[in-house]
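Engineer: In the UniProt record's numbering, the protein residues as written are 1 to 306.
Here you go:
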């Protein structure tokens, strides 16, 4: 008598029920008829009911057998589905992945291209997007809150890895009535005495450090008159007053496309300051299937741009 019903007993019983013959069921299962008969008998003994009854040279289901067969098929199907799902999760084909992203990267960057490829390749993965600054993404990655980050600057944390997707030059945005608006290109020295708006350093340390370093090399100390986190709000303030700010070329054009024309203009600067789109993840998870898949999509986007 069996102590614990196993999936094997259900498969054996269903084979006999469907073939209505022990000999044909044994051939179908590639087992001897005697062990098959014993397994079905043990199952009936365990349940305390007759599942099969003789009919001619074969067998047929009893009323209890018909009901049990329905449930047995469901159990086997669920067990098969559970095994498939477990393999899919382990191999990165099924599950949920959380991605932090800079709002500007969703439009101006390559995030859309990367995610479209990823969705086609991994349709069983549900993607959750969370808007946050690059610095906030670094912390969220370290804490495990997100699996990936997609921002403007690479992390300095040795526990985090990154892949640069694209690079864009950083320039100056100003109102169209600003005194420098008529210039095609600006030198760093022309930024002297300009009132400057920047995003908060806590969220954008690299932007602050790169801009401050580049201007100080020319003996210029920027007059930072305010900090604004939201990019669209910052550009609105630039358009309203006489302060300038620093934005990447492509991102500025994307954001300004939603503005009425003629309020803000972007000017290149003679310096080597850039803003990069970077995909970030925890270095110790580089070999995870979902990480490999997203990295593969990102590298395909990079190759397509070359």
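The C-beta atom is built at its ideal place from N, Cα and C for all residues, glycine as well.
Taking all protein chains shown into account, decide if residue 277 is buried (16 or more other Cβ within 10 angstroms of its Cβ) or exposed.
Structural biologist: Buried is the call here.
Engineer: Compute the Euclidean distance between the alpha carbons of residue 1 and residue 87, then round it to the nearest angstrom.
Structural biologist: Per-residue confidence for residue 1 stands at a pLDDT of 48, beneath the threshold of 50, marking its modelled position as unreliable; the derived number appears in the next sentence. Residue 1 and residue 87: Cα-Cα distance of roughly 33 angstroms.
Engineer: Among 103, 122, 78, which has the Cα closest to the Cα of residue 96?
Structural biologist: Out of 103, 122, 78, 122 has the C-alpha closest to the C-alpha of residue 96.
Engineer: When every heavy atom of the ligand ZN is checked, does at least one fall within less than 7 angstroms of the C-beta of residue 210?
Structural biologist: As for the ligand ZN, it is missing from this structure, which has no ligand bound.
Engineer: The alpha helix (DSSP H) spanning residue 137 covers which residue range?
Structural biologist: Note, residue 137: alpha helix (DSSP H), 134-143.
Engineer: Which one of 212, 134, 196 has the shortest CA to CA distance from residue 227?
Structural biologist: Among 212, 134, 196, the Cα nearest to that of residue 227 belongs to 196.
Engineer: Considering only their Cβ atoms, is the gap separating residue 22 from residue 39 smaller than 8 angstroms?
Structural biologist: No, they are not a contact pair.
Engineer: Helix or strand or just coil, what does DSSP make of residue 1?
Structural biologist: Because residue 1 carries a pLDDT of 48, less than 50, the predicted location of this residue cannot be relied on, and the following value inherits that uncertainty. Three-state result, residue 1: coil.
Engineer: Looking only at its own chain, which residues have a Cβ that is under 8 angstroms from the Cβ of residue 285, when we skip the five neighbours before and after it?
Structural biologist: The residues are 147, 291.
Engineer: Looking at C-beta atoms only, is the number of pairs between the segment 235-243 and the segment 156-165 that lie closer than 8 angstroms three or more?
Structural biologist: Flag = no, the segment 235-243 and the segment 156-165 do not touch.
Engineer: Check residue 48 in the structure and name its three-state DSSP category.
Structural biologist: Residue state, collapsed to three classes: coil.
Engineer: Where does the unbroken beta strand (DSSP E) through residue 278 begin, and where does it stop?
Structural biologist: Note, residue 278: beta strand (DSSP E), 274-282.
Engineer: For residue 227, write down the residues that DSSP places opposite it in a beta bridge.
Structural biologist: Residue 227 is bridged to 198.
Engineer: Just to confirm the assignment: which complete beta strand (DSSP E) runs, minimum length 3, are found wholly within the UniProt domain "HTH lysR-type" (5-62)?
Structural biologist: Listed in chain order, the complete beta strand (DSSP E) runs (minimum 3 residues) inside the UniProt domain "HTH lysR-type" (5-62) are 52-55, 58-61.
Engineer: Residue 206 and residue 150: beta carbons closer than 8 angstroms?
Structural biologist: Not closer than 8 angstroms, so no.
Engineer: Three-state secondary structure (DSSP) at residue 174?
Structural biologist: Residue 174 falls in the strand class under three-state DSSP.
Engineer: Could you spell out the range, first to last residue, of the beta strand (DSSP E) harbouring residue 125?
Structural biologist: Looking at the DSSP string, the run of the beta strand (DSSP E) that includes residue 125 is 125-131.
Engineer: Throw me the rounded Cβ distance for the residue 269 and residue 172 pair, which I believe falls under 8 angstroms.
Structural biologist: That pair is a contact at about 6 angstroms.
Engineer: Helix or strand or just coil, what does DSSP make of residue 65?
Structural biologist: Residue 65 falls in the helix class under three-state DSSP.
Engineer: Cutting at 7 angstroms between CB atoms, please list the residues of its own chain near residue 69, excluding the five before and the five after it.
Structural biologist: If we look at residue 69 and ignore the five residues flanking it on each side, its Cβ neighbours are 14, 17, 61.
Engineer: If you measure between the beta carbons of residue 76 and residue 65, is that distance less than 8 angstroms?
Structural biologist: No. Outside cutoff.
Engineer: Expressed to the nearest angstrom, what Euclidean distance is found between the alpha-carbon atoms of residue 304 and residue 83?
Structural biologist: So the two alpha carbons sit approximately 37 angstroms from each other.
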